[in-house]
Amino acid sequence: MPASLTTTFTNRILQGAAATLLVLALAGCSTTKDRMTTGSVPKLTKPVEEMDATELRSATDRLGQAYEKNPRDPVTGVNYANLLRMNGRDTQALAVMQQVAIANPGDRNVLAAYGKAQAAAGQFQQALDTIGRAQTPDRPDWKLISAQGAILDQMGRASDARQRYRDALDIQPNEPSILSNLGMSYVLTGDLRTAETYLRSAAGQPTADSRVRQNLALVVGLQGRFPEAEQIARRELSPQQADANVAYLRGMLSQQNSWQKLAAKDKTPGAADGSNTN
Numbered sequence: 001m002p003a004s005l006t007t008t009f010t011n012r013i014l015q016g017a018a019a020t021l022l023v024l025a026l027a028g029c030s031t032t033k034d035r036m037t038t039g040s041v042p043k044l045t046k047p048v049e050e051m052d053a054t055e056l057r058s059a060t061d062r063l064g065q066a067y068e069k070n071p072r073d074p075v076t077g078v079n080y081a082n083l084l085r086m087n088g089r090d091t092q093a094l095a096v097m098q099q100v101a102i103a104n105p106g107d108r109n110v111l112a113a114y115g116k117a118q119a120a121a122g123q124f125q126q127a128l129d130t131i132g133r134a135q136t137p138d139r140p141d142w143k144l145i146s147a148q149g150a151i152l153d154q155m156g157r158a159s160d161a162r163q164r165y166r167d168a169l170d171i172q173p174n175e176p177s178i179l180s181n182l183g184m185s186y187v188l189t190g191d192l193r194t195a196e197t198y199l200r201s202a203a204g205q206p207t208a209d210s211r212v213r214q215n216l217a218l219v220v221g222l223q224g225r226f227p228e229a230e231q232i233a234r235r236e237l238s239p240q241q242a243d244a245n246v247a248y249l250r251g252m253l254s255q256q257n258s259w260q261k262l263a264a265k266d267k268t269p270g271a272a273d274g275s276n277t278n
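Under our numbering, the first residue of the sequence shown carries the number 1, and numbering increases by one thereafter.
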């Protein structure tokens, strides 16, 4: 499937007997766009999330060259690291952000991006600490709060994660990326019905992007309603992108035993309370 679509599906992996989903979704979870900024960095011909694998590699090469010329520049470094992560090169992205953070220790955007890179590399506690340093109490950033929620979810701390999402919603009501994060948090604990409620709310917001709807398609499919899931997955995508998404979705849902276990967990009394044991 096109590399740009990995932000929707391939960051989800099967875990354990219940086959729960781990969502690498930072600074807005699985739906927030890491938009490229322009200026001294190479301009892009289209949004990153709409690029196919070839375009994404080309953009990464161009940003890499710009980074080599000026590795201390925060804008170039952050954008380059974002592209590396989208290419699955998490270790390299972390190395880039480490150097950029050393050169720009007080830059809030750099710290936030460094935290993303740490979480993508599995350094969850370090990521929480870094993103915490990027936050300012007098001007709290809802994206950073949501990012903390995504990291807490990956650490298995569902209750704490959901509280962070709700804190973010207090600042940015009805923000689709936060609602999507909250929905995917319930996927992680097997409560697919509650997950669908939040994801439908997210998808219904005017500013929702296609990745919110792809998350909704996944949750609908997990409940056995594949024709409906396919219909959702095909909206607003090119035929090639839609075919790739649907093919990947079919592959995930073909693992019947795993999904049946997840569905059974969803029907277990008390599953909807989102409780989590650590």
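Even for Gly, the Cβ is constructed at its ideal location relative to N, Cα and C.
All figures in this text were calculated on a predicted structure; none of them were measured in a lab.
- Message: Suppose you measure from the CA of Q99 to the CA of A117; what does that come to, to the nearest Å?
- Response: 12 Å
- Query: Distance, Cα to Cα, Y67 vs A233?
  - Reply: 36 Å
- Message: Determine whether the beta carbon atoms of L111 and V96 lie at a separation below 8 Å.
- Response: Cβ distance not < 8 Å, so L111 and V96 don't count as in contact.
- Message: Considering only the alpha carbon of each residue, which of A208, R211, P173 and R162 lies closest to T194?
- Response: For T194, the closest of A208, R211, P173 and R162 by C-alpha to C-alpha distance is R162.
- Message: Less than 8 Å between the C-beta atoms of V219 and L192, yes or no?
- Response: yes
- With 16 other CB atoms within 10 Å as the buried threshold, where does K143 fall? buried
- Query: Should T207 go down as buried or exposed, given a rule of 16 or more other Cβ atoms within 10 Å for buried?
  - Reply: exposed
- Nearest neighbour of L186, chosen from I171, L222 and P105 [CA to CA]: Strictly speaking, residue 186 in this sequence is Tyr, with Leu absent from that position. For Y186, the nearest C-alpha among the options comes from L222.
- Sequence-distant residues of its chain with Cβ nearer than 7 Å to L94 (five each side left out): Contacts found: A117, Q118 and A121.
- Task: Would you grab the beta carbon distance between S177 and R164 for me? Rounded to a whole angstrom, and I think it's under 8 Å.
- Result: With a Cβ gap of about 13 Å, S177 and R164 do not count as contacting.
- Among the residues of its own chain, which have a CB less than 6 Å from the CB of L169, if the five just before and after it don't count? I178
- Message: Classify L26: buried if its beta carbon has 16 or more other beta carbons within 10 angstroms, exposed otherwise.
- Response: Residue placement at L26 cannot be trusted, given a pLDDT of 40 that sits under 50; the coordinates are not used to answer.
- Cβ-Cβ distance between G115 and T130 below 8 Å: Result yes, Cβ atoms of G115 and T130 sit closer than 8 Å.
- Item | Same chain, Cβ closer than 7 Å to Y80, five either side skipped, listed in chain order | L63, G64, Y67 and V96
- Query: Would you report the Cα separation of G251 and S238, rounded to the nearest angstrom?
  - Reply: 20 Å
- Task: Check each candidate in D138, R139, R157 and I102 and name the one with the smallest Cα separation from L128.
- Result: R157
- Message: I need the DSSP call for R157, collapsed to helix, strand or coil.
- Response: In the three-state scheme derived from DSSP, where H, G and I count as helix and E and B as strand, R157 is classed as coil.
- Are Y198 and L182 closer than 8 Å when you measure CB to CB? Contact flag set, yes.
- Give the DSSP-derived three-state secondary structure of L237 in the structure shown. coil
- Message: Quick check: what's the CA-CA separation for S201 versus V212?
- Response: 10 Å
- Could you give the residue range of the alpha helix (DSSP H) that holds D90? D90 to A103
- Message: Within the continuous alpha helix (DSSP H) that includes P74, where are the two ends?
- Response: It spans P74 to M86 - the alpha helix (DSSP H) in which P74 sits, taken as one unbroken run.
- Task: Could you have a look at M51 and say whether DSSP puts it in helix, strand or coil?
- Result: coil
- Inter-residue spacing [alpha-carbon to alpha-carbon] between T60 and A113: 16 Å
- Give the single residue among R72, A203 and Q123 whose Cα lies nearest to the Cα of T91. Q123
- Message: Can you look up P71 in the DSSP assignment and give me helix, strand or coil?
- Response: coil
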